[in-house]
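Number of protein chains: 4
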Amino acid sequence: MVLPDGNKHYHRLKIGVMGSASGPQISDPIARAKATTLGTEIGRRGHIFINGACPGLPNDALLAAQAAGGFTVGISPAFSEYQHVHEYLSPHDHDFLVYTGLGFMERDIINIRSADGVVIVGGGIGTLNEFTIAYDEGRPIGIVTNSGGISNSIPHIVEELCKRELPPNIVFDDDPAVLLDKLETTIRAFPLPLVKDARVTKHGIAG
Amino acid sequence: MVLPDGNKHYHRLKIGVMGSASGPQISDPIARAKATTLGTEIGRRGHIFINGACPGLPNDALLAAQAAGGFTVGISPAFSEYQHVHEYLSPHDHDFLVYTGLGFMERDIINIRSADGVVIVGGGIGTLNEFTIAYDEGRPIGIVTNSGGISNSIPHIVEELCKRELPPNIVFDDDPAVLLDKLETTIRAFPLPLVKDARVTKHGIAG
Amino acid sequence: MVLPDGNKHYHRLKIGVMGSASGPQISDPIARAKATTLGTEIGRRGHIFINGACPGLPNDALLAAQAAGGFTVGISPAFSEYQHVHEYLSPHDHDFLVYTGLGFMERDIINIRSADGVVIVGGGIGTLNEFTIAYDEGRPIGIVTNSGGISNSIPHIVEELCKRELPPNIVFDDDPAVLLDKLETTIRAFPLPLVKDARVTKHGIAG
Amino acid sequence: MVLPDGNKHYHRLKIGVMGSASGPQISDPIARAKATTLGTEIGRRGHIFINGACPGLPNDALLAAQAAGGFTVGISPAFSEYQHVHEYLSPHDHDFLVYTGLGFMERDIINIRSADGVVIVGGGIGTLNEFTIAYDEGRPIGIVTNSGGISNSIPHIVEELCKRELPPNIVFDDDPAVLLDKLETTIRAFPLPLVKDARVTKHGIAG
Numbered sequence: 002m003v004l005p006d007g008n009k010h011y012h013r014l015k016i017g018v019m020g021s022a023s024g025p026q027i028s029d030p031i032a033r034a035k036a037t038t039l040g041t042e043i044g045r046r047g048h049i050f051i052n053g054a055c056p057g058l059p060n061d062a063l064l065a066a067q068a069a070g071g072f073t074v075g076i077s078p079a080f081s082e083y084q085h086v087h088e089y090l091s092p093h094d095h096d097f098l099v100y101t102g103l104g105f106m107e108r109d110i111i112n113i114r115s116a117d118g119v120v121i122v123g124g125g126i127g128t129l130n131e132f133t134i135a136y137d138e139g140r141p142i143g144i145v146t147n148s149g150g151i152s153n154s155i156p157h158i159v160e161e162l163c164k165r166e167l168p169p170n171i172v173f174d175d176d177p178a179v180l181l182d183k184l185e186t187t188i189r190a191f192p193l194p195l196v197k198d199a200r201v202t203k204h205g206i207a208g
Numbered sequence: 002m003v004l005p006d007g008n009k010h011y012h013r014l015k016i017g018v019m020g021s022a023s024g025p026q027i028s029d030p031i032a033r034a035k036a037t038t039l040g041t042e043i044g045r046r047g048h049i050f051i052n053g054a055c056p057g058l059p060n061d062a063l064l065a066a067q068a069a070g071g072f073t074v075g076i077s078p079a080f081s082e083y084q085h086v087h088e089y090l091s092p093h094d095h096d097f098l099v100y101t102g103l104g105f106m107e108r109d110i111i112n113i114r115s116a117d118g119v120v121i122v123g124g125g126i127g128t129l130n131e132f133t134i135a136y137d138e139g140r141p142i143g144i145v146t147n148s149g150g151i152s153n154s155i156p157h158i159v160e161e162l163c164k165r166e167l168p169p170n171i172v173f174d175d176d177p178a179v180l181l182d183k184l185e186t187t188i189r190a191f192p193l194p195l196v197k198d199a200r201v202t203k204h205g206i207a208g
Numbered sequence: 002m003v004l005p006d007g008n009k010h011y012h013r014l015k016i017g018v019m020g021s022a023s024g025p026q027i028s029d030p031i032a033r034a035k036a037t038t039l040g041t042e043i044g045r046r047g048h049i050f051i052n053g054a055c056p057g058l059p060n061d062a063l064l065a066a067q068a069a070g071g072f073t074v075g076i077s078p079a080f081s082e083y084q085h086v087h088e089y090l091s092p093h094d095h096d097f098l099v100y101t102g103l104g105f106m107e108r109d110i111i112n113i114r115s116a117d118g119v120v121i122v123g124g125g126i127g128t129l130n131e132f133t134i135a136y137d138e139g140r141p142i143g144i145v146t147n148s149g150g151i152s153n154s155i156p157h158i159v160e161e162l163c164k165r166e167l168p169p170n171i172v173f174d175d176d177p178a179v180l181l182d183k184l185e186t187t188i189r190a191f192p193l194p195l196v197k198d199a200r201v202t203k204h205g206i207a208g
Numbered sequence: 002m003v004l005p006d007g008n009k010h011y012h013r014l015k016i017g018v019m020g021s022a023s024g025p026q027i028s029d030p031i032a033r034a035k036a037t038t039l040g041t042e043i044g045r046r047g048h049i050f051i052n053g054a055c056p057g058l059p060n061d062a063l064l065a066a067q068a069a070g071g072f073t074v075g076i077s078p079a080f081s082e083y084q085h086v087h088e089y090l091s092p093h094d095h096d097f098l099v100y101t102g103l104g105f106m107e108r109d110i111i112n113i114r115s116a117d118g119v120v121i122v123g124g125g126i127g128t129l130n131e132f133t134i135a136y137d138e139g140r141p142i143g144i145v146t147n148s149g150g151i152s153n154s155i156p157h158i159v160e161e162l163c164k165r166e167l168p169p170n171i172v173f174d175d176d177p178a179v180l181l182d183k184l185e186t187t188i189r190a191f192p193l194p195l196v197k198d199a200r201v202t203k204h205g206i207a208g
């Protein structure tokens with residue numbers, strides 16, 4: 002990564018995977034196959050894999066990323082491994098787990114900020130929450146289309162329902178490998194905002 | 002308020018108002034009139050009025066709530082009044098402002114948790130973020146329909162796009178006074194979850 | 002309050018009260034009397050009274066502030082009134098309670114940021130946590146000396162143990178009314194930092 | 002790690018390093034040598050090394066941990082690498098950096114919760130903040146004594162100033178390798194609380 006002033010420091014790319022942790026999407030074989038391919042690709046490319054340490058599609062991706070040799074990180078809503086396993090009923094196969102103790106909502110924020118770019122596969126209300134955070138904070142987003150849930154509705158939600166612009170750092174593909182190619186390009190082309198809520202001074206406050 | 006064990010302690014009802022702080026909705030005279038009526042009703046009924054200390058429709062409601070004699074609270078994303086005014090370009094006429102220093106995303110969470118029930122008027126991506134938080138945390142929600150933005154799309158988003166149930170503690174009306182009647186009834190009928198992420202053990206994890 | 006650019010907007014002063022919620026200090030009659038006098042003075046002066054909605058000395062101050070007609074705010078670690086009462090075993094007589102759902106540690110941060118200045122009476126480890134937050138974020142602090150716990154040890158902790166400077170916006174007195182006079186003067190004389198972690202660029206990072 | 006119900010899942014031990022990021026301690030050659038030895042030992046033992054991505058003694062430890070082959074994690078207060086480098090003036094040589102965007106205070110909380118046990122070397126007000134969090138949340142703590150700052154004052158602060166008990170999961174040694182031996186034993190002997198603020202129901206609320 003080359004910073005604006007020429008500072009050079011190499012970091013492995015960090016890719017977050019969000020998506021359905023429950024609901025009908027997690028038993029859809031097409032969605033599960035896409036999640037698995039996504040994880041495999043992230044691991045194979047040597048990226049750091051991040052998810053919310055939840056079950057469902059992000060966990061399918063996790064297991065595949067690990068099998069492909071990736072380093073995997075989980076951002077848990079729980080305070081402890083015990084609470085993670087016994088109250089949240091969540092997997093914890095990651096190489097590095099942060100037990101944030103923050104619950105789902107703040108966890109979602111840290112989860113997204115931890116990644117250079119996020120990929121959404123399937124997705125219900127919780128994933129929609131994560132999408133709005135990533136959108137509002139200018140994070141590059143890749144959508145695995147045709148993976149159920151909200152995966153084919155993002156332009157509809159942003160443009161038609163919310164009357165907002167679809168920014169150029171959101172990319173779409175129903176092939177996870179092609180999507181990752183696009184997302185990697187996007188992460189290089191559209192640097193993250195330098196400060197939180199940076200857009201305030203540029204575009205006014207989104208509502 | 003009467004707690005399950007008979008503990009009695011009176012607190013004024015706290016009503017949060019969320020909605021468009023920017024975008025086309027804030028110059029729609031119908032949406033603005035509804036926001037104003039909403040604020041007047043909240044103030045007139047003696048409830049504590051809460052918003053995110055943002056411009057736009059929630060500010061229209063604030064000014065009306067104050068004019069009607071309500072006690073008003075603002076949960077600001079900024080760290081200081083100076084940052085609130087000069088970077089966030091936000092109003093601060095409230096009786097009590099919390100400068101959280103949290104930025105928009107965590108501010109949204111505290112904003113919603115501060116209220117016994119929330120009302121949404123208009124709304125774009127930021128409001129959708131707040132809706133997903135309120136939904137996921139079981140907070141009673143009133144939607145002012147026909148107020149632009151996402152106000153007529155909530156059932157569509159929840160049921161058709163996210164494939165989730167519309168819970169019974171979400172109520173709709175395009176008359177703010179009637180909506181408040183419904184929301185007050187709902188707040189009494191559907192107590193808040195007792196702990197954060199309570200639904201985890203009841204329904205599995207939403208995704 | 003007059004902002005740097007001449008913006009004028011009146012807000013009632015917000016005074017936070019921190020201190021022992023457990024331990025030997027809460028049964029010390031001298032500490033309790035000082036806490037009560039402190040609350041009475043805050044209420045009598047028309048300030049907004051804030052505490053962490055905890056038992057002990059801050060609750061003694063709360064009850065006195067209410068009796069003196071003050072508007073009182075509690076920033077609770079709990080997610081709900083039920084959890085506040087039954088798990089945290091905490092009082093909730095305030096006029097306005099925020100159920101943050103954040104637990105003690107993040108609650109402490111919001112608690113301190115909510116106030117224009119904070120007063121410490123007695124105090125153990127939890128209060129020391131709040132002191133370090135207020136110190137690091139440049140908040141005016143008043144110490145009720147001779148109230149037990151850490152109340153007579155702040156200069157010792159800052160200067161001798163931590164090898165840091167005692168900033169001029171920390172004032173001391175064992176008479177709560179005199180202390181409030183000093184704190185009000187200090188709040189006017191030493192405006193809060195404009196942004197979070199502002200000191201980073203001024204003095205380097207404190208450790 | 003073996004959970005109470007026999008669940009077995011291996012995770013590498015996560016050791017957090019806190020301490021002076023500024024002030025006189027960071028130029029003390031004895032403190033720096035101890036920080037370096039500490040980092041070397043953490044890396045050599047195959048633990049995951051965590052710090053707050055700050056300068057000073059925790060950075061001395063970081064560089065040594067990396068040189069010894071450890072996997073290193075930084076929990077940054079900044080929102081972006083740019084802000085981390087140019088506003089916080091902080092190092093970022095870690096293998097995995099989380100740009101939390103939370104500022105120092107919330108960052109401190111996540112920093113501590115990320116580790117199975119924390120080690121303190123030197124330390125001023127910021128480190129004292131981290132100590133109070135770790136203490137209040139029942140995290141095992143190792144103190145590198147004779148490393149300046151608060152390193153020789155913890156029992157004095159807890160017992161004499163705060164009038165609280167020194168819990169058995171705090172260990173002391175001025176030899177970092179011996180200290181790590183003790184801390185590893187302590188982490189096994191004193192499991193973390195299962196939920197946040199667990200102590201509330203056990204010992205009452207600390208103040």
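Residue numbers (our numbering), protein chains in the order written: chain A, 2 to 208; chain B, 2 to 208; chain C, 2 to 208; chain D, 2 to 208.
Even for Gly, the Cβ is constructed at its ideal location relative to N, Cα and C.
Note that the structure is a prediction, hence the values are computed from the model and not measured.
Taking 8 Å as the CB threshold, Asp198 of chain C lines the interface with chain D. Its chain contains Leu58, Asp61 as the residues whose beta carbon lies nearer than 7 Å to that of Arg33 of chain A, once the 5 sequence neighbours on both sides are disregarded; these appear in chain order. Scanning A:Val179, A:Gly149, A:Arg165 for the CA closest to the CA of Tyr136 of chain A turns up A:Arg165. Contact between Ala65 of chain B and His95 of chain B is ruled out by a C-beta separation of about 13 Å, above the 8 Å threshold. Glu131 of chain A and Ser115 of chain A have their alpha carbons spaced roughly 13 Å apart. For Gly17 of chain A, not one C-beta of chain B is nearer than 8 Å to its own C-beta. Nearest Cα to Glu160 of chain B within the set A:Ile126, A:Tyr89, A:Ile16, A:Phe50: A:Ile126. The DSSP assignment places 58-68, 82-87 as complete runs of the alpha helix (DSSP H) inside the region 34-98 of chain C, in order along the chain (cut-off: 4 residues). Selection B:Thr128, B:Lys35, B:Phe72 evaluated against Ala178 of chain B yields B:Lys35 as nearest (Cα-Cα). Against chain A, a Cβ distance below 8 Å from Val86 of chain B picks out nothing, because the smallest value is about 12 Å. Across the region 164-184 of chain A, CB contacts with chain B closer than 7 Å involve Lys164, Arg165, in sequence order along the chain.
The C-alpha of Phe80 of chain C is placed about 10 Å away from the C-alpha of Ile111 of chain B. Secondary-structure assignment with DSSP links Asp174 of chain A through a beta bridge to A:Val145.
Counting only residues of its own chain and dropping the five nearest sequence neighbours on each side, Thr146 of chain C has a CB closer than 7 Å to the CB of Ser152, Asn153, Phe173, Asp174, Asp175.
Among the residues of chain D, those whose CB is under 7 Å from the CB of Phe105 of chain C are Asp137, Asp198, following chain order. If you draw a straight line from the Cα of Ala190 of chain D to the Cα of Phe50 of chain A, it comes to about 32 Å. In the three-state DSSP reduction, Gly150 of chain C falls in the helix class (H, G or I).
Annotated three-state conformation of Tyr11 of chain B is coil, per DSSP. Looking only at D:Arg46, D:Ile27, D:Pro25, the smallest Cα-Cα distance to Asp182 of chain D is reached by D:Arg46. Ile121 of chain B: member of the beta strand (DSSP E) spanning 118-122, first to last residue. Tyr11 of chain D is classed as exposed because its beta carbon has fewer than 16 other beta carbons within 10 Å across all chains shown. If the five residues before and after Leu180 of chain B are omitted, its C-beta is found closer than 8 Å to the C-beta atoms of Leu39, Val120, Gly143, Ile144, Val145, Val172, Phe173, Asp174, all from its own chain and listed in chain order.
Take the alpha-carbon of Thr187 of chain C and the one of Asn170 of chain C: they are about 6 Å apart. Sequence-distant Cβ neighbours of Leu167 of chain C in its own chain, meaning closer than 7 Å and more than five residues away, are Pro156, Val159, Glu160.
Each of B:Val86, B:Gly149, B:Ala68 was checked against the Cα of Pro25 of chain B, and the nearest Cα belongs to B:Gly149. CA-to-CA, the gap between Ile31 of chain D and Val122 of chain D works out to about 11 Å.
Pairing Gly75 of chain B with Gly44 of chain B gives a Cβ-Cβ distance that is not under 8 Å.
Annotation: Gly139 of chain A is outside any alpha helix (DSSP H) and is labelled neither H nor E by DSSP. For Gly127 of chain A, the three-state secondary structure derived from DSSP is helix. By the neighbour-count definition (other C-beta atoms within 10 Å, threshold 16), Ser21 of chain C is a buried residue. Taking a beta-carbon distance threshold of 8 Å, Gly127 of chain A does not count as an interface residue toward chain C. Cβ neighbours of Leu98 of chain A within its own chain (closer than 7 Å, five residues either side excluded): Ala54, Gly75, Ser77.
For Ile16 of chain C, the pairing in a beta bridge is given by DSSP as C:Phe50, C:Gly118. Across the set A:Thr128, A:Ala69, A:Tyr89, the C-alpha of A:Thr128 shows the shortest separation from the C-alpha of Ile134 of chain B. Taking Ser91 of chain B as reference, the option from B:Cys163, B:Ser23, B:Arg140 with the minimal CA-CA separation is B:Ser23.
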